[in-house]
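Each step along the sequence shown adds one to the number in full-length UniProt numbering, with nothing skipped, and position 139 is 139.
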Amino acid sequence: MTTLVGRHIGRYRILEQLGSGGMSVVYKGLDTALDREVAVKVLHPHLAGKDESRRRLAREARAVAKLHHPNILEVFDFSAADAQDAFIVTEYIRGQTLKTFLDEGPMDPPELAAMVIHELAAALAHAHESGVIHRDLKPENVMVREDGVLKLMDFGIARLMDIEERMTVTGTLVGSPAHMAPEIIEGLEAGPTADVFSVGIMFYAAMTGRLPFSAPNTTATLKRILDGDYEDARRRVPALSDELADICAICLQRDPERRYPDAARLRDALADYLAGLGFARVGEELVSYFADPASYRKLARQRIVATLLERSERQLAEKRTPRALASLNQVLALDTTNARALALLKSIQRAQRIKTWRRRGLRLGVGVAAAGLLGLGGWKARHANDAEATLPPDAATPGQVAATP
């Protein structure tokens, strides 16, 4: 595609190219009417030349332009039906994609990944309530603004092509096969649960550092998604709580009916979990994290450990030992030498040994008592026999009257 740098598209002067993908090229531009920087996404000619693609573009852009959420990239303008180029104009974000951060490794502790997914789920919930489905969720479509605010972009762009159109002549799937929901692969209509599935893939990748359905080629990847074949994230991340693992697993259910019905339910599940650990203001936490990741990670781990220790002590007091053990295991995965956690584990083990000894002692006591009763019964029987043997031949036995001569 010929570069548009230096040209004008309507009132927008194209300044530089920011990136390109299978469906479009993104430029930094200047809105000459309002004198502000914008991003201009221009469709490739093979799409722009199709009337149906242009109609879809206008329909999707119009729907997304109605969305107003702090975590959704704002749409300012889109091309007219008779314009030479098909394009969408959005706010310009200074920052990096989420993929850039995730390429450095998994988010540790896993609660950081939960915070990111919470913000994306909140943005998607707003979209789903307005009837807008994203359909192409992946880290490349999330911007981390310089101030640490997440921005979800490219709503509806994937719908510009049908599933059949996404296969190029080389057999490579245009789009993001590793992030696709099974129903999209099968060519079925995608609803809110398709977005939930794709967010689940992002969640898994953010926690583990790898995609759940990764495979050597596109065909194998799609098969793994359709088979629902992936490894439990807890095997790779010892510090991952059962609660977060379960939330992710619900998102990745093969059957859409078994997932969260929409992003709002996912948002609420994550909000409850994070609030329980003291992270109620997720947006503010992420701003602090992206400002200084290393320092924030250290403080976050300390906060999580402190909360889990208090929780485990409360659970022990309530005789909920299995729950307490789960909390302590998570503490030791975050801080292997935590003295308080090790002491609590020892107290649990000691209590369990005492309980075992008591059970064994009770069984031994019952055995001794039974043996004693049996012994007493034998003694009585022998005593009676001995007494009977000492009676004279003419003595009456109990219940008998002696015969008179």
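Every residue gets a Cβ at the ideal spot worked out from N, C-alpha and C, and that includes glycine.
Fair warning: this is a prediction, and the values are worked out from it, not measured in the lab.
Please classify residue i as buried or exposed, where buried requires at least 16 neighbouring CB atoms within 10 angstroms.
| i | result |
| --- | --- |
| H8 | exposed |
| T193 | buried |
| G19 | exposed |
| P106 | buried |
| D51 | exposed |
| P45 | exposed |
| T208 | buried |
| S24 | buried |
| A239 | buried |
| R135 | buried |
| G29 | buried |
| P216 | exposed |
| T97 | buried |
| D272 | exposed |
| R54 | buried |
| H68 | exposed |
| S214 | exposed |
| K41 | buried |
Assuming residue i is part of the alpha helix (DSSP H), what are its boundary residues?
| i | result |
| --- | --- |
| R36 | Careful: R36 lies outside any alpha helix (DSSP H), inside the beta strand (DSSP E) at 36-43. |
| R267 | 263-276 |
| P322 | 321-334 |
| I247 | 242-251 |
| I225 | 218-227 |
How far does the beta strand (DSSP E) with residue i in it extend, from its first residue to its last?
| i | result |
| --- | --- |
| F78 | 75-78 |
| K151 | 150-152 |
| V89 | 87-91 |
| Q96 | 95-97 |
Under the three-state reduction of DSSP, which class applies to residue i: helix, strand or coil?
| i | result |
| --- | --- |
| E186 | coil |
| Y204 | helix |
| K138 | coil |
| D82 | coil |
| S347 | helix |
| I304 | helix |
| I117 | helix |
| G21 | coil |
| L57 | helix |
| Y289 | helix |
| E104 | coil |
| V199 | helix |
| I133 | coil |
| V64 | helix |
| R358 | helix |
| V237 | coil |
| K28 | strand |
| L4 | coil |
| L342 | helix |
| L15 | strand |
| L376 | Low confidence applies to L376: its pLDDT is 48, below 50, so where it sits in the model is not reliable, and the reading given next is rough at best. L376: helix per DSSP, three-state reduction. |
| R258 | helix |
| R297 | helix |
| R210 | coil |
| R353 | helix |
| R145 | strand |
| I9 | strand |
Judging by CA-CA distance, which residue of the options is the nearest neighbour of residue i?
| i | options | result |
| --- | --- | --- |
| A205 | Q96, A86, L102 | L102 |
| V64 | R358, F155, V89, L15 | F155 |
| L34 | F76, L334, K319 | F76 |
| E284 | P216, L4, H118 | H118 |
| Q176 | R56, E186, V196, T218 | Per the sequence presented here, residue 176 reads as Ser, with Gln not at that position. Looking at the Cα atoms, T218 is the closest of the given residues. |
| R235 | L226, T97, A245, S79 | A245 |
| Q352 | L270, P322, T336, A291 | P322 |
| E60 | R36, P110, T2, I133 | I133 |
| A302 | T337, R320, G10, L270 | According to the sequence shown, residue 302 is Gln rather than Ala. Ranking the options by Cα distance to Q302, first place goes to T337. |
| A48 | A86, V38, S79, E37 | A86 |
| R297 | E37, L188, D108 | D108 |
| I304 | A324, K151, G278, F290 | G278 |
| V26 | G10, R36, V5, T32 | V5 |
| I184 | L266, P293, L222 | L222 |
| P293 | D229, L112, L345 | L112 |
| D242 | R56, L67, L270, S288 | L270 |
| E257 | S288, P182, D232 | P182 |
Shorter than 7 Å, the distance from the beta carbon of residue i to the closest heavy atom of the ligand GDP, or not?
| i | result |
| --- | --- |
| L211 | Annotation note on the ligand GDP: not contained in the displayed structure, which lists no ligands. |
Please decide whether residue i counts as near chain C, where near means a Cβ-Cβ distance under 8 Å.
| i | result |
| --- | --- |
| A269 | In the structure shown, chain C cannot be found, because there is only a single protein chain. |
Quiz item: Pairing CB atoms from the segment 122-134 with CB atoms from the segment 69-88, are three or more of them under 8 Å?
Solution: Yes: the two stretches touch, three or more of their Cβ pairs being nearer than 8 Å.
Practice problem: Please determine if the segment 184-200 and the segment 250-266 are in contact, where contact requires at least 3 C-beta pairs separated by less than 8 Å. | Solution: Contact holds: three or more Cβ-Cβ distances are below 8 Å.
Self-check item: Three-pair Cβ contact test at 8 Å for the segment 331-344 versus the segment 300-319
Solution: A contact exists between the segment 331-344 and the segment 300-319.
Quiz item: Per the contact definition of three or more C-beta pairs closer than 8 Å, is the segment 141-154 in contact with the segment 89-101?
Solution: When C-beta atoms of the segment 89-101 are compared with those of the segment 141-154, three or more pairs fall below 8 Å, so the two segments count as touching.
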